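For reference, each letter of the sequence shown is one residue, going -5 to 74 in the working numbering.
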Amino acid sequence: MPDSVQHATAFAAATGIGGLALLAFGANGLTAALGGLNLVLYTCLYTPMKRKTIANTWVGSIGKIKFACCQYKNCKKINF
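Following this line, the structure appears as structure tokens:
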């Protein structure tokens, strides 16, 4: 594997793990779990689907769930 691919993979892994850890400790476990689901959906479904079908927009919209949970937690509108 070329060095640039290894560096990109390492960077993606580090930022993904770091971001999920921040969500887990800064918000809550549900938000971190939804963030992890969003990460998997984005990398495994949304990105490959972009070239094949417009249905990728439906997959991409699922990622907004994480944002909504973060906002509700920060505003203390609901208690997870």
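C-beta: ideal position from N, C-alpha, C; glycine also. It should be emphasised that the depicted structure is a prediction, and the values quoted were computed from it without experimental measurement.
Residue environment analysis places Thr51 among the exposed positions, since fewer than 16 neighbouring C-beta atoms fall within 10 angstroms of its C-beta. For the pair of segments examined, the stretch 6 to 15 was found to touch the stretch 23 to 43: the number of CB pairs separated by less than 8 angstroms reaches three. Between Ser55 and the set Pro42, Tyr36, Ser(-2), the nearest pair of CA atoms involves Tyr36. Just so you know, the alpha carbons of Arg45 and Val34 end up roughly 18 angstroms apart.
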